[in-house]
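Here the sequence shown is numbered in our numbering, starting from 209 and rising by one per residue.
Yeah, the Cβ is synthetic: ideal placement off N, Cα and C, and Gly gets one too.
Reading through the structure tokens given below for one structure.
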Amino acid sequence: MQPSLMPALHIRLQRNYTARMAMVLLLAATLVTAGCGSTSQEVSPVTEPLEEPVVDDARPQSPGTLWNGDEGNWLADVKARRVGDIVTVIIEEEAKASKEATTDTDRSSSISAGISSFFGLEKSLEEKNSNLETSALVEASSGNQFSGGGKTTRSENLVATLTTQVVEVYPNGNLKIRGGKSVTVNNENQIIYLTGIVRSYDVTADNTVNSGNILNAQISYTGKGAVSDKQKPGWMMRIFDHTWPF
């Protein structure tokens, strides 16, 4: 190799190395950015810490009697009505939704124009241009058609029993309840959580209430384990789905 070609070859190799390094850095930055994001926004279940509420033990004093005025009598209702009381929720949630749409459009238009007589000038135009036909100077037509349709159907069903606790009593007597349960079977952890507001009248004599009677009910049923992991694509597939432009 001639000595005069060595500097040029060195510069070319250095440029190729720089270009390759730039491509590697760009690909790495893309993967890192995609890894921080996700293709779909997952709904985070409501799982507040289930701390046992503090119950005020201060009881009104009743001088001259052995009975406390705050104690329930034999004829009193034992339904939940105070902070710390237990309410069992019968969860029976069923939802069905169906939507179908069809669109079909069609449009066509045409236009034609010509000059049959215009002070005799049309004859001179035809004489100068043998291929010109003045009776049909302009003629055009257009048309478009669109057809589309879509259909979606969804069905959900959740049946469970969950014991909750009264965490707040409103001035009108409504009760705010909250509770959760975690069950682990074969290393698969199933978590159910519920919070909402119920009327004291809707609580039955055995301290149960149906989930349909809960205001602002937030019910989450999630799982952690091998089965739940298999229901989601791998992290590399999520990166490609996020970065793939087509």
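CB of E301 to nearest heavy atom of the ligand ADP: below 7 Å?
The model on display carries no ligand, and the ligand ADP is accordingly not part of it.
Same chain, Cβ closer than 7 Å to P379, neighbours up to 5 away in sequence not counted:
The residue labelled residue 379 in the question sits at position 171 within the sequence shown. Answer for P379: no residue qualifies.
What residues in its chain sit with their C-beta under 7 Å from that of T296, if we drop five residues either side in the sequence?
As a working mapping, residue 296 is identified with position 88 in the sequence shown. Within its own chain, the residues whose Cβ lies closer than 7 Å to the Cβ of T296, once the five positions on either side in sequence are excluded, are T369, T371, N415, T416, listed in chain order.
Burial state of K304, where buried means 16 or more other Cβ atoms lie within 10 Å:
Indexing the sequence shown from 1 puts residue 304 at position 96. Looking at its Cβ environment, which holds fewer than 16 other Cβ atoms inside 10 Å, K304 is exposed.
Based on Cα-Cα distance, which residue from G420, K389, Q353 lies nearest to T313?
On the sequence shown, position 105 is the one that residue 313 refers to. The residue with the shortest Cα to Cα distance from T313 is Q353.
Mark I385 as exposed unless 16 or more other C-beta atoms lie within 10 angstroms of its C-beta, in which case mark it buried.
Here residue 385 refers to the residue found at position 177 when the sequence shown is read from its first residue. Residue environment for I385: buried (at least 16 other C-beta atoms within 10 angstroms of its C-beta).
Confirm, please, whether the CB-CB distance from R315 to G358 is below 8 Å.
As a working note, residue 358 is residue 150 in the sequence shown. As a working note, residue 315 is residue 107 in the sequence shown. Result no, Cβ atoms of G358 and R315 do not sit closer than 8 Å.
T412 versus V367: straight-line alpha-carbon distance, rounded
What you label residue 412 is simply residue 204 of the sequence shown in a count that begins at 1. What you label residue 367 is simply residue 159 of the sequence shown in a count that begins at 1. The straight-line gap from Cα to Cα measures roughly 19 Å.
Cβ shell of K307 (< 6 Å), same chain only, five flanking positions each side left out:
Residue 307 sits at position 99 when you count from the first residue of the sequence shown. Once the five neighbours on either side are set aside, the close Cβ partners of K307 are T360.
Just the C-alpha distance for A309 and V375, rounded to the nearest angstrom, thanks.
What you label residue 309 is simply residue 101 of the sequence shown in a count that begins at 1. What you label residue 375 is simply residue 167 of the sequence shown in a count that begins at 1. Pairing A309 with V375, the inter-Cα distance amounts to about 46 Å.
Reduced DSSP secondary structure (H/G/I, E/B, other) of N421
For the purposes of this step, residue 421 is taken as the residue at position 213 of the sequence shown. Three-state result, N421: helix.
Would you check if the distance between the CB atom of S408 and the CB atom of R289 is smaller than 8 Å?
Position 200 of the sequence shown holds residue 408. Position 81 of the sequence shown holds residue 289. Judged by beta-carbon spacing, R289 lies within the 8 Å limit of S408, meaning their Cβ atoms are closer than that value.
Start and end residues, beta strand (DSSP E) containing T412:
Mapped onto the sequence shown, residue 412 falls at position 204. Neither: T412 is in no beta strand (DSSP E) and is coded neither H nor E.
Cβ-based neighbour list, I405, same chain, cut-off 8 Å, excluding 5 preceding and 5 following:
Here residue 405 refers to the residue found at position 197 when the sequence shown is read from its first residue. Within the same chain, I405 has close Cβ partners Y378, N382, L383, K384, I385, I422, L423, N424.
Can you grab the Cα-Cα spacing for the pair N394 / L234, in whole Å?
For the purposes of this step, residue 394 is identified with residue 186 of the sequence shown, where counting begins at 1. For the purposes of this step, residue 234 is identified with residue 26 of the sequence shown, where counting begins at 1. Using only the alpha carbons, I get a separation of about 43 Å.
Give every residue of the same chain whose Cβ lies closer than 7 Å to the Cβ of I204, excluding the five residues on either side of it in the sequence, and list them in chain order.
Coverage of the chain is limited to positions 209 through 454, which leaves residue 204 absent and any answer about it impossible.
Determine the direct distance from the alpha carbon of I447 to that of S390, and round the result to whole angstroms.
Counting from one through the sequence shown, the residue named residue 390 turns up at place 182. Counting from one through the sequence shown, the residue named residue 447 turns up at place 239. Roughly 32 Å separates the two Cα atoms.
Please say whether N365 and E302 have beta carbons closer to each other than 8 Å?
Here the question's residue 302 lines up with position 94 in the sequence shown. Here the question's residue 365 lines up with position 157 in the sequence shown. Less than 8 Å separates the beta-carbon of E302 from that of N365.
Please report the distance separating the alpha-carbon of G387 from that of T403.
As a working mapping, residue 387 is identified with position 179 in the sequence shown. As a working mapping, residue 403 is identified with position 195 in the sequence shown. Straight-line Cα distance between these residues: approximately 7 Å.
Can you give me the Cβ contacts of S349 inside the same chain, cut-off strictly under 6 Å, excluding the 5 residues immediately before and after it?
Working through the sequence shown from its first residue, we reach residue 349 at position 141. In its chain, beyond the 5 residues on either side, S318 have a beta carbon closer than 6 Å to the beta carbon of S349.
For the beta strand (DSSP E) that contains Y401, what are its first and last residues?
The sequence position of residue 401 within the sequence shown is 193, counting from 1. Here the beta strand (DSSP E) through Y401 covers 396 to 406.
Three-way DSSP call (helix, strand, coil) for R386 in this model
Locating residue 386 in the sequence shown gives position 178, where the first residue counts as 1. Secondary structure at R386: strand, using DSSP grouped into helix, strand and coil.
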